[in-house]
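Asker: Here it is, the structure in full.
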Ligand code: KG4
Ligand code: ZN
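In full-length UniProt numbering, the protein residues as written are 3 to 339.
In structure tokens form, the structure reads like this:
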């Protein structure tokens, strides 16, 4: 049978990304990162959409060239419909619509959260989760536990009621004076610290939902109080502070995963999003495999941070079912499965 070639475009936040897939295999996966936000300590929406406008044509060109696929060979174009920053989504959305129309090929609108989960089905020669499984999506923008019954039957079991996990890392890091995004630095210093040195309290949240804003405030007050007594407090205790913060965050995630496993009886856990790079969560999952018989799935890093290949795999499974969008489809800052 004829291969299916999908061009996928992701522009929900600050990275402009394009990928080309041949069926479920990735031929190219290009990301243009926007350095402009670092100096502001977070993503500035207005600057993000302007940079998407500058980046999108060259990023798509490079993705097609690197894949060795001509645009006339494409079967469909998949793009991120939402959730995300409206101005950013609109750039990728309108580009994709025009290109699909010009090439007279189908358009496929993709939910970004769906894509973080189906990223596990990109063909890499590694084991894939089987249905049903639990997905934990953790990044700078998301924190969700989803029960995945099939490619298109997903149910949110819990999500954050305020900050995302990545924000908890990044805002704590900011309190410690680290540059943005500070999550990876907390991870780095945590490796040599004592996770029990400074006990922080975990928030009490019903069911499978999360809350991280209380922890952020708790850490801020803790640092302010101790710095007032000893101005070198952070400098002298950096490793222990980072290990303690990371330990608390991991325990919050693990408690909810344990509850989700108990409630559903499902022991396959697929994690995604930038925070899945964290060594603490990876070690915790390895332990859970040993101690509780869980099976954990972690995609390759380039498919787990924001990328277009994951949009492409959702596009591919939609294509197989002839699930297409028409050109009046609208971008949505918030979106359900
Ligand atoms: O998926 P991602 O690249 O973009 C979105 O936010 O959607 O995730 C970025 C987030 C940031 O908050 C960053 O600090 C966090 O992932 N992160 C980490 C680590 N690597 C990335 N957090 C903790 N430990 C890490 N090793
Ligand atoms: Zn994301």
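From the three backbone atoms N, C-alpha and C, an ideal C-beta is built for every residue, glycine too. None of these values were measured; they are calculated from a predicted model.
Taking a cut-off of 5 Å, which residues have a beta-carbon closer than that to any heavy atom of the ligand ZN, in chain order?
Answerer: 141 and 308
Asker: I'd like to confirm the pairing. Which residues does DSSP put opposite residue 24 in its beta bridges?
Answerer: 7 and 27
Asker: Quick one: grab the DSSP three-state call for residue 133.
Answerer: coil
Asker: Locate the beta strand (DSSP E) running through residue 110, then write down its first and last residues.
Answerer: Per DSSP, the continuous beta strand (DSSP E) segment holding residue 110 begins and ends at 109-113.
Asker: From the DSSP secondary-structure annotation, give me the bridge partner or partners of residue 338.
Answerer: Residue 338 is not bridged to any residue.
Asker: When you compare each of 66, 8 and 146 to residue 27 by their alpha carbons, which one comes out closest?
Answerer: 8
Asker: Tell me which residues share the same chain as residue 425 and place their Cβ nearer than 6 Å to its Cβ, disregarding the 5 neighbours each side in the sequence.
Answerer: A question about residue 425 goes unanswered here, because the residues of the chain that appear run from 3 up to 339.
Asker: With distance defined between alpha-carbon atoms, name the residue in 82, 105, 129 and 108 nearest to residue 115.
Answerer: If we check each option's Cα against that of residue 115, 82 comes out closest.
Asker: Can you round the beta-carbon distance between residue 272 and residue 135 to whole angstroms, since I take them to be within the 8 Å contact cut?
Answerer: 6 Å
Asker: If the criterion is Cβ atoms closer than 8 Å, does the pair residue 182 and residue 40 meet it?
Answerer: yes
Asker: From residue 266 to residue 258, what distance separates their C-alpha atoms?
Answerer: Straight-line spacing of the CA atoms in residue 266 and residue 258 works out to 12 Å.
Asker: Which term fits residue 223, buried or exposed, when burial requires 16 or more other beta carbons within 10 angstroms of its beta carbon?
Answerer: exposed
Asker: Evaluate contact between the segment 230-243 and the segment 139-158, counting only Cβ atoms and requiring at least three cross-stretch pairs below 8 Å.
Answerer: Too few Cβ pairs lie closer than 8 Å, so no.
Asker: Look at the Cβ atom of residue 184, then the Cβ atom of residue 171, and state whether they are nearer than 8 Å.
Answerer: yes
Asker: Give a yes or no on whether the C-beta atoms belonging to residue 120 and residue 312 are separated by under 8 Å.
Answerer: For residue 120 and residue 312, yes; Cβs fall inside 8 Å.
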